[in-house]
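Asks:
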Amino acid sequence: MLSDKAISELLDYKSDNLVLSIYLNTTEKTPEAYKLTLRSMLKGINMPSDEEAIIRYIEHKYSREGRSLALFSCAAEKFFRAYPLSVPVHSRIHIGSKPYVRPLANILDAYGAYGVALVDKQGARLFHFHLGELVEQEGVMGDEVHQVRGVQSSKNPVKRNIKESAEFAMAFFGEKKVRRILLGGTEENLAQFQNNLPKKWQSLVVGTFSLGMTANQHEVLDEAIKVGSAAEEKREAGLVLQMNTAAAKHAEGVVGLRDTLRASHEGRIQTLLVDENYHAPGYQCEGCGHLAAEKQDSCPFCGEQFAKITDAAEVAVRKVMLAGGVVEIVRDNPKMAEVGIGGLLRY
Ligand SMILES: [Zn+2]
């Protein structure tokens, strides 16, 4: 599975040979269905050794864990990495001098900051997403509460349990730096639970679903993906609006490739927004790596020559990720599709 180390390896990897990157959605009903998708993606590319490595993995090693796969191959350098992912991705193929990381950036962003709490009258189970995986907090809060309740005859044990669950959840979510919360349980329990959260935490709750405490991890993940993706769409629409408004006022926002690349060079981009289908050629300085939308005679920063690159947006994504910025890949948003790329600025 994906790890921080794996991500930095992919971000740093560069080859003089071509790197084949494949994202494959494996949620289709039968393995034959996604193998067919894979074969049609491979059609027309001429990288036989890489194709062989990928087919070999799918046929003999992959045991269909997770909902999708990220595959990276540079056969000339015997580089091959396969990461099953527990969240779904759109199938796609990419060839370039580096692994294609944009969909990974998207997963880390879309699921990275989510926390999930399952709440009932006795206690809570807590989860958070780590690198696209749903991880459950060890130890169920309820056990402890049961014991305490046995000896004490509190006037309102349910009320107290839920209050303690809320405190327990806040501590856990705080530690995991959760910024978006999904809640599972009955309406009544969730209403009580939310009443016990301070205003600031209440505003982080982006969705609820009804799921019993005995739900398995798979069911929790299914619900989290469903509710989470609807909330995600809404949140992204808000960011796009914020970006467009700020850019129109020449405040903390930019739109379009030229202004975005300039802001990225100045280290001003806090959140980079890219339309899912946006690709644009650009120019990169062979000296300092400066990106430009239009060809210039020489780099204004180091004087070196510019080389044409096929996808300036992908290079910008990588740059912002390496600088610790946030990357949002925006889907199905006409306003984002119009501008293609843009950003929210730090200053
Ligand atoms: Zn330069």
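The sequence shown begins at -4 in my numbering and counts up by one. Don't be surprised by glycine CBs; every beta carbon is placed ideally from N, CA and C. These figures come from a predicted structure and were not determined experimentally.
Cα-Cα, which of Ala307, Ile264, Ile102 and Met238 is closest to glutamate 333?
Replies: Ranking the options by Cα distance to glutamate 333, first place goes to Met238.
Asks: Count the other CB atoms within 10 Å of the CB of glutamine 142; is the residue buried (16 or more) or exposed (fewer)?
Replies: Since pLDDT at glutamine 142 reaches only 48, below the 50 mark, its modelled position is unreliable, and the value read off the structure follows with that caveat. Counting Cβ neighbours within 10 Å, glutamine 142 comes out exposed, since fewer than 16 surround it.
Asks: What span of residues does the beta strand (DSSP E) with lysine 303 cover, start to end?
Replies: Element bounds for lysine 303: 301 to 304.
Asks: In or out: serine 68 buried (at least 16 other Cβ within 10 Å) or exposed?
Replies: Burial call: buried.
Asks: Per DSSP, which residues does isoleucine 88 bridge with? Please list them.
Replies: Partner(s): Ile17.
Asks: Please go through the same chain and pick out, in chain order, the residues whose beta-carbon is closer than 6 Å to the beta-carbon of alanine 105, but skip the five residues on each side of it.
Replies: Result list for alanine 105: Glu227, in chain order.
Asks: Nearest-angstrom Cα distance between glutamine 132 and glutamate 159?
Replies: Straight-line Cα distance between these residues: approximately 16 Å.
Asks: Which residues neighbour ligand 1 when neighbourhood means a C-beta less than 6 Å away from any of its non-hydrogen atoms? List them by chain order.
Replies: Those satisfying the condition are, in chain order, Cys280, Gly282, Cys283, His285, Cys294, Phe296, Cys297 and Glu299.
Asks: Going along the chain, which residues of its own chain have a beta-carbon closer than 7 Å to the beta-carbon of serine 86, five neighbours each way excluded?
Replies: Once the five neighbours on either side are set aside, the close Cβ partners of serine 86 are Tyr18, Leu19, Asn20, Thr32 and Met36.
Asks: Taking all protein chains shown into account, do 16 or more other C-beta atoms lie within 10 angstroms of the C-beta of cysteine 283, making it buried, or fewer, making it exposed?
Replies: That one is exposed.
Asks: Could you give the distance in angstroms between the alpha-carbon of threonine 244 and the alpha-carbon of lysine 93?
Replies: Note on residue identity: the sequence assigns lysine, not threonine, to residue 244. Taking the straight line from one Cα to the other gives about 36 Å.
Asks: When DSSP labels each residue in this structure, what does glutamate 218 get in the three-state scheme?
Replies: Looking at glutamate 218 - three-state DSSP - the assignment turns out to be helix.
Asks: Using CA coordinates, which residue listed in Leu286, Leu236, Gly39 and Leu177 is at the minimum distance from leucine 129?
Replies: For the residues Leu286, Leu236, Gly39 and Leu177, the minimum Cα distance to leucine 129 belongs to Leu177.
Asks: Can you find at least 3 beta carbon pairs, one from the region 264 to 273 and one from the region 320 to 335, that sit closer than 8 Å?
Replies: Segments in contact, yes.
Asks: Based on the DSSP secondary-structure assignment, which residues constitute the bridge partners of threonine 203?
Replies: According to DSSP, threonine 203 bridges with Leu178.
Asks: Among the residues of its own chain, which have a CB less than 8 Å from the CB of serine 259, if the five just before and after it don't count?
Replies: Leu267, Leu286, Ala311, Lys314, Val315 and Gly338.
Asks: Can you give me the start and stop residues for the alpha helix (DSSP H) that isoleucine 40 sits inside?
Replies: That residue, isoleucine 40, is in no alpha helix (DSSP H); it is neither H nor E in DSSP.
Asks: Please report the straight-line C-alpha distance between arginine 257 and proline 26, rounded to a whole angstrom.
Replies: Taking the straight line from one Cα to the other gives about 45 Å.
Asks: Measuring alpha carbon to alpha carbon, tell me which residue in Glu182, Ala71 and Pro276 is nearest valine 114.
Replies: If we check each option's Cα against that of valine 114, Glu182 comes out closest.
Asks: Residues in the same chain with beta-carbon distance under 8 Å from alanine 48, minus the five sequence neighbours each way, listed in chain order, please.
Replies: Correct list, in chain order: Ser68, Ala70 and Phe75.
Asks: Determine the extent of the alpha helix (DSSP H) in which leucine 103 is found, giving its start and end residues.
Replies: 97 to 107 is the extent of the alpha helix (DSSP H) around leucine 103.
Asks: By a C-beta neighbour count over all protein chains shown, 10 Å radius and 16 as the cutoff for buried, is histidine 213 buried or exposed?
Replies: Classification of histidine 213: exposed, given that the 10 Å Cβ count is below 16.
Asks: Are there 16 or more other CB atoms within 10 angstroms of the CB of serine 205, so buried, or fewer, so exposed?
Replies: Burial call: exposed.
Asks: Would you kindly work out how many angstroms separate the C-alpha atoms of glycine 110 and aspartate 217, rounded to a whole number?
Replies: Their backbone Cα atoms lie some 14 Å apart in a straight line.
Asks: Quick check on the DSSP output: the beta strand (DSSP E) that includes serine 160 runs from which residue to which?
Replies: Element bounds for serine 160: not the beta strand (DSSP E) but the alpha helix (DSSP H), 152 to 170.
Asks: Sorted by chain position, which residues of the same chain lie with C-beta nearer than 8 Å to alanine 108's C-beta, five sequence neighbours on each side aside?
Replies: Closer than 8 Å at the Cβ level, and outside the excluded window around alanine 108, lie Phe124, Lys172, Val173, Arg174 and Arg175.
Asks: Looking only at DSSP bridge pairs, what is arginine 120 linked to?
Replies: Answer is Leu113.
Asks: In chain order, what residues of the same chain lie with their CB nearer than 6 Å to the CB of alanine 77, ignoring the 5 residues before and after it?
Replies: Excluding residues within five positions, the ones whose Cβ falls inside 6 Å are Tyr52 and Leu66.
Asks: Only counting runs of 3 or more residues, tell me where the beta strand (DSSP E) segments fall wholly within the region 273 to 300, in order along the chain.
Replies: Within the region 273 to 300, the complete beta strand (DSSP E) runs of at least 3 residues are 277 to 280.
Asks: Just to confirm my understanding: we take cysteine 297, look at its own chain, exclude 5 residues before and 5 after, and list those with CB closer than 8 Å. What are they?
Replies: Taken in chain order, the residues that qualify are Cys280, Gly282, Cys283 and His285.
Asks: Nearest to alanine 119 by CA position, among Leu103, Ala100, Ala161 and Lys154, is which residue?
Replies: If we check each option's Cα against that of alanine 119, Ala161 comes out closest.
Asks: Identify whether leucine 185 lies in helix, strand or coil by the three-state DSSP scheme.
Replies: In the structure shown, leucine 185 sits in a helix (DSSP, three-state: H, G or I).
Asks: Near valine 249, what residues of its chain come up, given a Cβ to Cβ distance below 6 Å and the 5 sequence neighbours on each side ignored?
Replies: Contacts found: Ala242, Thr255, Ala258, Gly337 and Gly338.
Asks: How should serine -2 be labelled, buried or exposed, when 16 other C-beta atoms within 10 angstroms of its C-beta is the threshold for buried?
Replies: Serine -2 should be labelled exposed.
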